[in-house]
Structure formats: C-alpha cells, structure tokens
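Q: In terms of the working numbering, the sequence shown opens at residue -4 and continues consecutively. Backbone N, C-alpha and C define an ideal beta-carbon position, used for all residues, glycine too. None of the values given here were measured: they were computed from a predicted structure. Have a look at the structure that comes next, please.
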Amino acid sequence: MPWTAAAIAGSAIIGAVGSNMAAGTQAGGQQKAANTQLSMFNTINAQEQPFIQAGYGATSQLNSMLAPGGQLNRSFSPQDFLNNLDPGYQFQLQTGVQAVRNADTPGVGALSGPALKDLMSFNQNMAATGYQNAFNRFQTQNNAIFSRLYGIAGLGQNAASNVGTSGTQLGTGIAQAQAGAAASTAGGIVGGTNAVGGAGIPLAYLLSGQGGGGGGGGGGGGGGGGFDFSNLPINTVGQPGQGAGN
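Right, here's the structure in full:
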C-alpha cells in the first residue's frame, strides 16, 4: 500500500508541476509579445517626436501671429508701405521727374503751369504704383510665412495622428496579450490544484485501510492484497468503480 500511495501522490505532484510550467511558459510568451509591442510603440513615438515638436512650435507661432495685432492679422500701414517699397523706387522717382522737366523745358519752361501739372501727375502715378507694389509685397511675404508655418504644423499633426493610430492598435494588442498571460497563469494554478485535489480521494482510501488485503487462513499470516480501486466513486481515478458482484 505505501508504494501505491507514493505513486498517486507523485503523479499528482508531477501533474501540478507540469501544469504550472506549461502555463508559465505560455504566460511568459504572451508577456514577451506585450513587451515587444510596447517597444514598437516607443520606437514609433520617438521617431515621430521631432515632427510633433516642430508642429507644436509652428502652431504656437501661428497663434501668436494670427492674434489681434499680430503680423498676420493687421491692416497694411504706412510703415509697411515704407518697409516694402521697391529698392529702386527713389531712383525711379528722381529720374522720372528729371525726364518730365527735360521734356517740358524747351516748350513751356521747367517752372510753367503745364510743366508743374505734368510733374504732379507723374508723382501721383508713381505713388499709386509704389503703394500697390508695396502692398503686394507685404501680402506675398505674409502668405509665404503663413504657408511655411502651416506646412510644418501639418507635419506635426500627421505625426501625432500616426502615433495615436499606432498607440490604439498596439495598445489593444498589449492588453490582449496581458489578459492572455493572466488567463494562462490562472489556468496553470487551476490545473495544478485539480491535479493535487484529484489525488486526495485515492490517498484517503489508502490511508484509511480500505484498500487492505484479505486475512490469511490456518496458521499463515494475512497477505497484502493491494488497493481495490473498485471501491472508489465513479471517475475518481478515471474509471467507473465496479463492485465485486457486477
């Protein structure tokens, strides 16, 4: 009987250990998968950070320049006119005035009424043309600044969107892998518990003496008959119990 009990106990221990080892291996693989996905997300996030930070900077600058009174949100001023005049404007004005005087001097005189009228008309035309050119330069410059900042902000937005999409996908995978690891660990514990618990009934029968052999006749001592598994309940050791009369 002792060797039978030892065999049952040993089998239960081996089953419990094997169940926990298998569950641990499976859980370890699932946790490794979760760690791999987390590493992938960290890599993607790090690669996109320069674009995201540049986008933040461009967006902040745009907000400042588009605020009331900012460079991109104010009216064209006299100072803007002076700042955006054609570099050759003064030269064109001077040479133009001189050309008008030269043309009027032989006929009506440089200081005559018609000559002064021609000079005023020329100056007015030059001023109007110069103003329009300066305004166009102002608008072109502001549009160029806005376009560059808007493009950089767009790069940052796209980078942030890529990180968000990757985070959603990889985060779902990580959660699933971690849940699977927890389920595998729990399954191993349950399997080990069942293996040990399933051996309890046969051991109890052995230790209670119900598996003893029949008594000896005459002068001979009683011989050990071994453990009678037919006394066990159905499926205790995997087979239905059967009585001697069945």
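1. F130 to V92, Cα distance in whole Å?
2. Under 8 Å, do A62 and A148 count as touching if we go by C-beta distance?
3. For G208, which of helix, strand or coil comes out of DSSP?
4. Would you decide whether G151 is buried or exposed? Buried here means 16 or more other CB atoms lie within 10 Å of its CB.
5. According to DSSP, is F71 helix, strand or coil?
6. What three-state label does DSSP hand G102 in the structure shown?
7. Within this structure, are the beta carbons of N153 and Q66 separated by less than 8 Å?
8. In this structure, does DSSP put A154 in helix, strand or coil?
9. Run the CB neighbour count on G50, radius 10 Å, all protein chains shown included, and call it buried at 16 or more, exposed below.
10. Identify, in the order they occur along the chain, each residue of the same chain with its Cβ nearer than 6 Å to the Cβ of V158, setting aside the five sequence neighbours on each side.
11. Excluding five sequence neighbours on each side, which residues of the same chain lie with their C-beta closer than 8 Å to the C-beta of S254?
12. What does the alpha-carbon distance come out to for the pair P109 and S142?
13. Mind the definition here: the stretch 80 to 91 touches the stretch 120 to 135 only if three or more C-beta pairs lie below 8 Å; say whether that holds.
14. So for I169, helix, strand or coil by DSSP?
15. Hey, out of F86, F117, I47 and A28, whose CA is closest to D99's CA?
16. Please return the same chain residues whose Cβ sits closer than 8 Å to the Cβ of L33, not counting the five positions on each side in sequence.
17. When you compare only the Cα positions, how much space is there between G218 and K27?
18. Classify Q87: buried if its beta carbon has 16 or more other beta carbons within 10 angstroms, exposed otherwise.
19. May I ask you to report which of helix, strand or coil DSSP gives P82?
A: Considering the structure as presented:
1. The alpha-carbon atoms of F130 and V92 are separated by roughly 23 Å.
2. Contact check for A62 against A148 fails: the beta carbons are separated by 8 Å or more.
3. Residue placement at G208 is flagged as unreliable, the pLDDT there being 45, under the threshold of 50; the coordinate-derived value follows with that caveat. Of the three classes helix, strand and coil, the one that applies to G208 here is coil, per DSSP.
4. A residue is called buried when at least 16 other Cβ atoms come within 10 angstroms of its Cβ; G151 meets this threshold and is buried.
5. Here F71 sits in coil by DSSP.
6. Correct three-state label for G102: coil.
7. Cβ distance not < 8 Å, so N153 and Q66 don't count as in contact.
8. The DSSP-derived three-state label of A154 is helix.
9. Answer is buried; the Cβ neighbour count reaches 16.
10. Cβ within range, chain order: N40 and E43.
11. Residue 254 is absent from the structure shown; the chain starts at -4 and stops at 241.
12. Straight-line measurement puts the Cα of S142 at about 49 Å from the Cα of P109.
13. A contact exists between the stretch 80 to 91 and the stretch 120 to 135.
14. Reduced to three states, the DSSP call for I169 is helix.
15. For the residues F86, F117, I47 and A28, the minimum Cα distance to D99 belongs to F117.
16. If we look at L33 and ignore the five residues flanking it on each side, its Cβ neighbours are L165 and I169.
17. Confidence in G218 is poor, its pLDDT being 43 and thus under 50, which makes the residue's placement unreliable; the coordinate value appears in the next sentence. Straight-line measurement puts the Cα of K27 at about 58 Å from the Cα of G218.
18. Under this definition Q87 is an exposed residue.
19. Coil at P82, not helix or strand.
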